[in-house]
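When we follow my numbering, the leftmost residue of the sequence shown carries the number 484, and every step to the right adds one. All C-beta atoms in this analysis are idealised placements derived from N, C-alpha and C, irrespective of residue type, glycine included.
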Amino acid sequence: MSTKPIRVWLAPPGPNPWKVILVLEELQEIKAKPFIDINPNGRVPAIEDPNTSLVLWETGAILLYLVKQYDVAKKLTYEAMQEKSHVKQWLVFQVSGQGPYYGQASWFQVLHSERLPSAVNRYIEEAKRVYGVLEKRLTDKEWLVGDRVTIVDLAFVSWNDQLEGVLGCGAETKFDGFPRVKASHESIIARPSWKKAIDIRAKLIDEQSLRWNGMPKGISNIEAL
Ligand SMILES: N[C@@H](CCC(=O)N[C@@H](CS)C(=O)NCC(=O)O)C(=O)O
């Protein structure tokens, strides 16, 4: 299949766009790199696929589109009703559970102008609850659905990769008590697709003079902007 490059709209520090880059890398479909007109929600990522003239935002919808359109071999998903439904279930859990709770935990620790310990604690506890659900699921399984990696395992990685920022702890202790989530995470970040995504991300963060938490270099709190 000869395909034109899909354009991905992103802001490099945020974790969500990297789910899309990761899946594109896995499918080997990434080839190249203005915004409210594209996504009325004003958030990234969004994609424009010139092969189908489709403009799409919300990572859950994007990942499902990518596998439907480009994963002919069903490398990262399943065709069977049970597994396909479970892929959708875990994906919806990621975008509605992991993304918002991890996002709010980070917001109240890094970007919020006031220190609000009760809000920080609330979202840290929710983040832990979410990856506790993953830990339970992975107790006797290597992957969330079926017996191989799918888009849902990949979808949880970009946020788990910055879990230390979410929990406000050290990188080495972020998975303490959650060995199965740790093992799954480490196996995915060792894949060439993640290494490639993280290299692109590092380059863009540097070019835009940002720090990894999204703040400009030299600025530690939003009030200093
Ligand atoms: N539910 C959306 C969340 C997207 C999202 O929150 N993206 C962040 C970057 S990780 C963003 O655009 N933040 C900028 C802002 O909120 O202004 C998805 O999964 O695509």
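C-alpha distance - residue i paired with residue j, whole-angstrom precision
i    : j    : result
G497 : K678 : 17 Å
T535 : K567 : 23 Å
A610 : K557 : 31 Å
A588 : D554 : 34 Å
I688 : N643 : 19 Å
G543 : E647 : 24 Å
Y548 : L510 : 12 Å
Anticipated Cβ contact below 8 Å, residue i with residue j, distance rounded
i    : j    : result
W540 : A680 : With 8 Å as the limit, W540 and A680 do not qualify as a contact, their Cβ atoms being about 19 Å apart.
V570 : Y561 : 6 Å
Same chain only: Cβ atoms within 6 Å of residue i, ignoring 5 sequence neighbours per side
i    : result
P533 : K487
I530 : I489, V491, L539 and I545
V603 : F591 and Q592
G697 : P496
I672 : none
Extent of the continuous beta strand (DSSP E) to which residue i belongs
i    : result
R663 : Note, R663: premise wrong, no beta strand (DSSP E); alpha helix (DSSP H) at P662 to I672.
L537 : L537 to W540
V593 : Per DSSP, V593 belongs to no beta strand (DSSP E) and is neither H nor E.
V649 : Element bounds for V649: not the beta strand (DSSP E) but the alpha helix (DSSP H), L646 to L650.
R490 : R490 to W492
First and last residue of the uninterrupted alpha helix (DSSP H) at residue i
i    : result
A529 : Where A529 is concerned, there is no enclosing alpha helix (DSSP H), although the beta strand (DSSP E) it sits in stretches over A529 to D532.
V603 : P600 to R620
V570 : M564 to F576
Sequence-distant residues of the same chain with beta carbon closer than 7 Å to residue i, five excluded per side
i    : result
R674 : none
Y606 : Y584, Q587, A588 and F591
G580 : V613
> If you pair each beta-carbon of the region 581-600 with each one of the region 618-631, do three or more pairs fall below 8 Å?
Replying inline: no
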